[in-house]
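Trainee: Handing you this structure, nothing more for now.
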């Protein structure tokens, strides 16, 4: 730690160019245990640590077995007493816990004393108000219907409380046991509905295909030429040269001029 402290001082002196006595004192104190730091109350420090650990324990819902934090961060473990290094740190029982426990016990004793005084002051008043013991009411005779109704109400209340207890304990009740059977039945019904739907879809598809075939046949009949009843014998038309339709405009103009000149002659 002394080497680390010297290196830190060298870095501070190199960066700033002037001595920093406060920072050097802080660095020097950081390599000491908590109980040796001047101006720091070890009791308050451990009490604050215990408060933080209890809050963390409440948040985590368990026992926090991490070591007590310190300012030196040397090994990450709990502080150990140094030989001839002043007063030793408090044991693992945590003095803050002992002080808190003593305070709670003292408060409990005070409350018990106050309760005893109140009971003593109220005892004569109750004796004056109730000189005679209260009369026990006579049992009213009930018929069979009333008894059965009360028994049924008690049974329903017991069932309700039992269901609430099972819900709180997260145990599977009768209703929860029936859930897998209901799911299985719903799955079977869904499979049956899917089969019926698939069959209906196949029927609709076959009907659509038949309708398309009929439409195609109607279109073919509409496009077909009408057959004449008595075909007349007609002279075959002379075959025109296929090149005539492919004449250029210049060629047609020349042929027209030639025919016009022949007519003039």
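In my numbering, the protein residues as written are 1281 to 1545. Backbone N, C-alpha and C define an ideal beta-carbon position, used for all residues, glycine too. In this text, all values refer to a predicted model and were calculated from it rather than measured experimentally.
#1: State whether the segment 1321 to 1334 contacts the segment 1383 to 1403, with contact taken as three or more CB pairs (one from each stretch) at a distance under 8 Å.
#2: Look at the alpha carbon of residue 1330 and the alpha carbon of residue 1340, and state the distance between them as a whole number of angstroms.
#3: When the distance is taken between beta carbons, is residue 1305 closer than 8 Å to residue 1315?
#4: Would residue 1313 be called buried (16 or more neighbouring beta carbons within 10 Å of its own) or exposed?
#5: If you follow the alpha helix (DSSP H) that residue 1437 is part of, which residue opens it and which one closes it?
#6: In angstroms, rounded to a whole number, what distance separates the CA positions of residue 1480 and residue 1486?
#7: Express the C-alpha separation of residue 1433 and residue 1424 in angstroms, rounding to a whole number.
#8: I need the straight-line Cα distance from residue 1496 to residue 1462, nearest angstrom please.
#9: DSSP state of residue 1319, grouped into three classes?
#10: Could you check the C-alpha separation between residue 1490 and residue 1469 for me, to the nearest Å?
Mentor: Looking at the atomic coordinates:
#1: no
#2: The residue labelled residue 1330 in the question sits at position 50 within the chain shown. The residue labelled residue 1340 in the question sits at position 60 within the chain shown. Cα-Cα distance, rounded: 15 Å.
#3: Counting from 1 along the chain shown, the entry for residue 1315 is found at position 35. Counting from 1 along the chain shown, the entry for residue 1305 is found at position 25. No, these two residues do not count as a Cβ contact at 8 Å.
#4: Locating residue 1313 in the chain shown gives position 33, counting from the first residue. The residue is buried, with at least 16 neighbouring Cβ atoms inside 10 Å.
#5: Along the chain shown, one-based indexing puts residue 1437 at 157. From DSSP, the alpha helix (DSSP H) with residue 1437 extends over 1424 to 1449.
#6: What you label residue 1480 is simply residue 200 of the chain shown in a count that begins at 1. What you label residue 1486 is simply residue 206 of the chain shown in a count that begins at 1. Going by the C-alpha atoms only, they are around 10 Å apart.
#7: Counting from one through the chain shown, the residue named residue 1424 turns up at place 144. Counting from one through the chain shown, the residue named residue 1433 turns up at place 153. Rounded to whole angstroms, residue 1424 to residue 1433 spans 14 Å at the Cα level.
#8: Taking the chain shown and counting its residues from 1, one reaches residue 1496 at position 216. Taking the chain shown and counting its residues from 1, one reaches residue 1462 at position 182. Cα to Cα, the separation comes out at about 51 Å.
#9: What you label residue 1319 is simply residue 39 of the chain shown in a count that begins at 1. Residue 1319 falls in the coil class under three-state DSSP.
#10: Here residue 1490 corresponds to residue number 210 of the chain shown, with the count starting at 1. Here residue 1469 corresponds to residue number 189 of the chain shown, with the count starting at 1. Going from the Cα of residue 1490 to the Cα of residue 1469 covers about 32 Å.
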